[in-house]
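J.: Taking numbering that gives the first Met the number 0, the leading residue of the sequence shown gets 0, the next gets one more, and so forth.
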Amino acid sequence: MSRISAKLDTLKSQGRKALIPFITAGDPNPDFTVPTLHAMVEAGADIIELGVPFSDPMADGPVIQKASERALAHKTSLRKVLGMVEEFRKQDAETPIVLMGYLNPVESLGYAAFVTAAKKAGVDGVLTVDMPPEESGELISLLNQAEVAPIFLLAPNSTPERIRKMGQLGSGYLYYVSLKGVTGASHLDLGDVERKLEEIRSLTSLPVGVGFGVKNAETAGAVAKLADAVVVGSALVSKIESAGDDTDLARNEITALLRELRAALDA
Numbered sequence: 000m001s002r003i004s005a006k007l008d009t010l011k012s013q014g015r016k017a018l019i020p021f022i023t024a025g026d027p028n029p030d031f032t033v034p035t036l037h038a039m040v041e042a043g044a045d046i047i048e049l050g051v052p053f054s055d056p057m058a059d060g061p062v063i064q065k066a067s068e069r070a071l072a073h074k075t076s077l078r079k080v081l082g083m084v085e086e087f088r089k090q091d092a093e094t095p096i097v098l099m100g101y102l103n104p105v106e107s108l109g110y111a112a113f114v115t116a117a118k119k120a121g122v123d124g125v126l127t128v129d130m131p132p133e134e135s136g137e138l139i140s141l142l143n144q145a146e147v148a149p150i151f152l153l154a155p156n157s158t159p160e161r162i163r164k165m166g167q168l169g170s171g172y173l174y175y176v177s178l179k180g181v182t183g184a185s186h187l188d189l190g191d192v193e194r195k196l197e198e199i200r201s202l203t204s205l206p207v208g209v210g211f212g213v214k215n216a217e218t219a220g221a222v223a224k225l226a227d228a229v230v231v232g233s234a235l236v237s238k239i240e241s242a243g244d245d246t247d248l249a250r251n252e253i254t255a256l257l258r259e260l261r262a263a264l265d266a
């Protein structure tokens with residue numbers, strides 16, 4: 000059983016929901032990332048989505064876009080991100096790591112070389128935002144052979160046919176984008192989320208995480224009553240931006256928010 004499935008199964012048996020924080024690797028500098036991953040685990044993270052910085056991110060709002068710009072200014076490449084995961088694994092063999100990013104860096108490295116390096120580094124899942132399932136066959140085949148989970152995004156306008164297809168192609172969990180728009184938007188409608196999750200669950204048995212509109216403990220707690228996992232990105236990355244060069248402050252504020260979210264999920 001994969002680390003992702005084992006974690007989600009354990010939480011389900013405990014009647015708990017998964018907390019999945021996101022940060023961009025290399026933001027605000029490469030030295031910040033690995034210690035912060037460990038700090039997030041200590042603060043209650045169950046699975047971590049680690050963003051691979053990209054110069055033209057179509058799904059990300061201004062907060063995540065600026066994070067990519069800061070990381071790219073330090074020349075944070077996909078290979079360097081994999082090196083960060085490998086470094087993280089020296090102290091943590093249990094917490095699942097999911098790489099989240101875009102297809103271009105993966106294609107530049109080469110599908111086979113990427114999957115081999117990701118597996119060696121200790122990556123558990125790969126979420127490629129701009130890879131349509133109709134064109135994902137080669138990469139998914141390689142990921143499945145390496146037992147690295149291909150994870151797909153579902154949107155409010157995803158059709159039943161597409162939900163079913165994502166459920167068949169994906170593993171680990173599905174990531175439901177809870178609103179139309181980019182990351183960090185603020186118009187989360189819990190009624191709409193509940194109705195869409197009912198539809199998704201009627202079409203696939205994969206666990207479903209919800210993200211893109213979770214900013215605070217109140218929202219996280221409400222989403223946790225509906226979903227199997229709560230994904231939080233922009234609210235954490237904005238802490239890094241506002242802290243500027245004070246990385247200790249950024250890490251402290253990230254872990255403080257995660258503890259609030261953890262408490263809300265477990266309430």
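Yeah, the Cβ is synthetic: ideal placement off N, Cα and C, and Gly gets one too.
Among the candidates Ala24, Phe151, Ala111 and Ala120, whose CA atom is the shortest distance from the CA of Val51?
T.: Closest option to Val51, Cα to Cα, is Ala24.
J.: How close, in whole Å, do the beta carbons of Val33 and Glu86 come, if the pair is a contact with beta carbons under 8 Å?
T.: About 5 Å separates the two Cβ atoms, so the contact holds.
J.: Give a yes or no on whether the C-beta atoms belonging to Thr158 and Leu187 are separated by under 8 Å.
T.: Cβ distance not < 8 Å, so Thr158 and Leu187 don't count as in contact.
J.: In the stretch 200 to 232, which residue ranges form an unbroken alpha helix (DSSP H) of at least 4 residues, counting only runs that do not cross its ends?
T.: For the stretch 200 to 232, whole alpha helix (DSSP H) runs of length 4 or above, ordered along the chain, are 216 to 223.
J.: Hey, quick one: how far does the alpha helix (DSSP H) through Ala249 stretch, first residue to last?
T.: Counting along the chain, the alpha helix (DSSP H) containing Ala249 begins and ends at Thr246 to Asp265.
J.: Tell me Thr23's beta-bridge partners as DSSP assigns them.
T.: Answer by DSSP bridge pairing, in chain order: Gly50.
J.: How many angstroms separate the CA atom of Met99 from the CA atom of Leu49?
T.: Spanning the two alpha carbons is a distance of roughly 6 Å.
J.: Over what stretch of residues does the beta strand (DSSP E) that includes Tyr174 continue unbroken?
T.: Leu173 to Val176 is the span of the beta strand (DSSP E), which, as asked, contains Tyr174.
J.: Beta carbon of Glu240, beta carbon of Val80: below 8 Å?
T.: Taking 8 Å as the Cβ cut-off, Glu240 and Val80 do not qualify as a contacting pair.
J.: Sort Gly124, Lys11, Met130 and Lys119 by Cα distance to Pro56 and report the nearest one.
T.: Ranking Gly124, Lys11, Met130 and Lys119 by Cα distance to Pro56 puts Met130 first.
J.: Where does Pro159 fall in DSSP's three states?
T.: Looking at Pro159 - three-state DSSP - the assignment turns out to be helix.
J.: Report the option in Glu146, Val231, Pro132 and Ala117 whose CA atom is closest to the CA atom of Gly82.
T.: Of the candidates Glu146, Val231, Pro132 and Ala117, the one whose C-alpha sits nearest the C-alpha of Gly82 is Ala117.
J.: Tell me the DSSP secondary structure of Leu187 in three-state form.
T.: Coil.
J.: To the nearest angstrom, how far is the alpha carbon of Val236 from that of Ala66?
T.: So the alpha carbons of these two residues sit roughly 7 Å apart.
J.: Please identify the residue among Arg69, Lys89 and Val209 whose C-alpha is closest to the C-alpha of Asp191.
T.: With distances taken between Cα atoms, Asp191 lies closest to Val209.
J.: From the DSSP output, in three-state form, read off Met99 for me.
T.: Here Met99 sits in strand by DSSP.
J.: Using a Cβ-Cβ distance under 8 Å, would Leu205 count as near chain C?
T.: In the displayed structure, chain C is absent; only one protein chain is listed.
J.: Which one of Val97, Tyr101, Ala38 and Phe31 has the shortest CA to CA distance from Gln64?
T.: The shortest Cα separation from Gln64 among Val97, Tyr101, Ala38 and Phe31 belongs to Tyr101.
J.: Does DSSP put Val236 in a helix, a strand or coil?
T.: Helix.
J.: Report back the beta-carbon spacing between Ala228 and Ile47 to the nearest angstrom; my notes put them in contact at under 8 Å.
T.: That pair is no contact at about 12 Å.
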